[in-house]
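Protein sequences appear in the order of chains Y and C.
Heads up, the first sequence is in my numbering, so the first residue is 25 and it goes up one at a time.
Heads up, the second sequence is in my numbering, so the first residue is 25 and it goes up one at a time.
The block underneath contains the structure these notes are about, expressed in structure tokens.
There are 2 protein chains.
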Amino acid sequence: MSEQEPPAEKQSATRTRLIVSALGLFSRNGYAATGVKAILADAKTPYGSLYHWFPGGKRELGVAAVAHGGEVYRGLFETRYPTDLDVIAATEAAFVEAADMLEATDFADSCPLATIALEVANTDEPMRQAAAAAFESWLTVFEQRFLAAGMKPDRAREVAVNVFCLLEGAALLARTTKSPVPMHVAGKTAAKAVADGLATN
Amino acid sequence: MSEQEPPAEKQSATRTRLIVSALGLFSRNGYAATGVKAILADAKTPYGSLYHWFPGGKRELGVAAVAHGGEVYRGLFETRYPTDLDVIAATEAAFVEAADMLEATDFADSCPLATIALEVANTDEPMRQAAAAAFESWLTVFEQRFLAAGMKPDRAREVAVNVFCLLEGAALLARTTKSPVPMHVAGKTAAKAVADGLATN
DNA sequence: GTCTATAAAACGATAGAC
DNA sequence: GTCTATCGTTTTATAGAC
């Protein structure tokens, strides 16, 4: 038997470190404000390695970081929306968790992609598309949970959009005002929107 | 009689042009990604004038631009929430108007402060405070309209926060996916939230 | 107050040794 | 594949003429 050959290029530890460091710095300080050197220092990686793994430089790393953030949070949402639990309570719980996370990080960490998405929406098309795909994947998770709970298909998509908007809008207001209150207020409304969506069957 | 002496420093045409240009470029391309030279070119102003009117440079101009955007949009919201019209219909109309604006500008213009606010939330305290004050002034406009419509005080503040979150979250999703649909969906929910707030009196 | 020339530093990216 | 030295540009900011 020949030894197993993993698709090495996508699984390099160096590559992964660069992506994780980039996502963290981009989400906290912004994409444009984060220098390549700061990413390399955070990832404890020398200059040349970045251009080995990402020939397209900062922009290609940005696309990979956005895609990674999208996948990680999609996994988180799947965990927080277990099919065997009350979907209304799970919705409000997700907002409470987001509020706790914000307070624990001095209002730095909530959605890892919102800042980047707004920055690149009109200036970097590949990154914009990566962010759009990430948001769509989250909406799909929400929608499928609502469908599993018995919501009508056309309502499930609308409620998913509403939950997303409330979550992201509350994250903006909470981070800017350094207050967890908007997240709690929006969470109650999101739970109510889910309840209303289920009621109109 | 002595000739009238306006408080000239704050009303200079050059100063105003710099602020307007800066706000437009910051909101479309981001604060960090916008160079001082691009602002000066847009405002048709030579280099030295910026540091005459804003000794603190780009950051001081940023604070003024955020404050200006906050005032302009507070005025817009006051116009869109006239006290003599149905506040529920006015709420949904504001979202429809935002959707139309997004489509007319290829999804560039919605909230002029959201991108900047997220960029500076953890990196520039004076700008963060300016953005927080702007958002608070908008919430106050919403709240007072709901109070005028007969909503209970504690509910009015909550509904104002919900309308804000829905509007900002929908702007993020609409700009990122280049679709007006989230704004229309969120608008219906916002109108419903206002109706619910009025019903529980 | 307006404008230009320039400084000092940081930027993203590359070349080439190992 | 790793690492360093450096290139060429662009950045914010300043000095000083007008």
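Ideal Cβ positions, reconstructed from N, Cα and C, are used throughout, including at glycine.
Cα-Cα separation, residue i to residue j
i: glutamate 121 of chain C; j: leucine 100 of chain C; result: 11 Å
i: serine 51 of chain C; j: valine 185 of chain Y; result: 24 Å
i: glutamate 143 of chain Y; j: lysine 68 of chain C; result: 25 Å
i: isoleucine 63 of chain Y; j: glycine 81 of chain Y; result: 12 Å
i: threonine 58 of chain Y; j: glycine 86 of chain Y; result: 11 Å
i: alanine 65 of chain Y; j: valine 44 of chain Y; result: 12 Å
i: leucine 49 of chain Y; j: tyrosine 55 of chain Y; result: 8 Å
i: glutamate 182 of chain C; j: glutamine 168 of chain C; result: 12 Å
i: proline 79 of chain Y; j: arginine 104 of chain C; result: 49 Å
i: tyrosine 75 of chain C; j: valine 96 of chain C; result: 24 Å
i: alanine 46 of chain C; j: aspartate 178 of chain C; result: 37 Å
i: valine 165 of chain Y; j: threonine 40 of chain Y; result: 25 Å
i: lysine 202 of chain C; j: aspartate 130 of chain C; result: 8 Å
i: threonine 200 of chain C; j: leucine 190 of chain Y; result: 16 Å
i: cysteine 110 of chain C; j: glutamate 102 of chain C; result: The residue asked about is misnamed: residue 110 of chain C is aspartate in this sequence, not cysteine. Near 14 Å, if we compare the C-alpha coordinates of glutamate 102 of chain C and aspartate 110 of chain C.
Cβ shell of residue i (< 6 Å), same chain only, five flanking positions each side left out
i: glutamate 27 of chain C; result: Any reading at glutamate 27 of chain C is ruled out, since the residue's pLDDT is 41, under 50, leaving its predicted position unreliable.
i: phenylalanine 170 of chain C; result: Ala180 and Val183
i: alanine 217 of chain Y; result: Val183 and Asn186
i: alanine 88 of chain Y; result: Ile43
i: tryptophan 77 of chain Y; result: Arg39
Cβ distance (whole Å) where residue i is taken to contact residue j below 8 Å
i: alanine 214 of chain C; j: valine 187 of chain C; result: 5 Å
i: valine 90 of chain Y; j: leucine 42 of chain Y; result: Not really, about 14 Å apart at Cβ, beyond 8 Å.
i: tryptophan 162 of chain Y; j: arginine 83 of chain Y; result: Contact flag wrong, Cβ pair sits at about 23 Å.
i: methionine 151 of chain C; j: glycine 221 of chain C; result: With 8 Å as the limit, methionine 151 of chain C and glycine 221 of chain C do not qualify as a contact, their Cβ atoms being about 32 Å apart.
i: alanine 114 of chain C; j: methionine 207 of chain C; result: In fact, because the Cβ distance is near 16 Å, the residues do not count as touching under 8 Å.
Chain-order list of residues whose beta-carbon lies under 7 Å from that of residue i (same chain, five-residue window excluded)
i: cysteine 135 of chain C; result: Glu192 and Ala195
i: serine 73 of chain C; result: Thr38
i: methionine 25 of chain Y; result: A caution first: methionine 25 of chain Y carries a pLDDT of 41, below 50, which makes its placement in the model unreliable, though a value can still be read off. Nothing meets the Cβ criterion.
i: alanine 132 of chain C; result: Arg52
i: valine 60 of chain C; result: Leu74 and Lys82
i: glutamine 35 of chain C; result: none
Beta-carbon spacing of residue i, residue j below 8 Å
i: alanine 155 of chain C; j: isoleucine 140 of chain C; result: yes
i: alanine 180 of chain Y; j: threonine 107 of chain Y; result: no
i: alanine 210 of chain C; j: proline 204 of chain C; result: no
i: asparagine 53 of chain Y; j: asparagine 146 of chain C; result: yes
i: alanine 223 of chain C; j: isoleucine 112 of chain C; result: no
i: lysine 212 of chain Y; j: glutamate 127 of chain Y; result: no
Beta-carbon proximity list for residue i, same chain, < 8 Å, skipping 5 on both sides
i: serine 94 of chain Y; result: This sequence places glycine at residue 94 of chain Y; serine is not what is there. Excluding sequence neighbours, glycine 94 of chain Y sits near Leu137, Ala154, Ala155, Ala157, Ala158, Phe159, Ser161 and Trp162.
i: methionine 125 of chain Y; result: Asp133 and Ser134
i: aspartate 148 of chain C; result: Arg83 and Gly86
i: glutamate 29 of chain C; result: With a pLDDT of 46 at glutamate 29 of chain C, under the threshold of 50, the modelled position of that residue is not reliable, and the figure given next carries that caveat. Excluding positions up to five away in sequence, the list is empty.
i: histidine 92 of chain C; result: Ile43, Val44 and Leu47
i: proline 70 of chain Y; result: Leu64
Item checked: Every unbroken alpha helix (DSSP H) inside the region 155-204 of chain C [4 residues or more] -> 177-201
Notebook entry, point to check: Of all the alpha helix (DSSP H) runs that stay within the bounds of the region 58-99 of chain C, which reach a length of 4 or more residues?
Noted result: 60-66 and 71-77
Item checked: 4 or more residues per run - each alpha helix (DSSP H) lying fully within the region 100-143 of chain C -> 111-128
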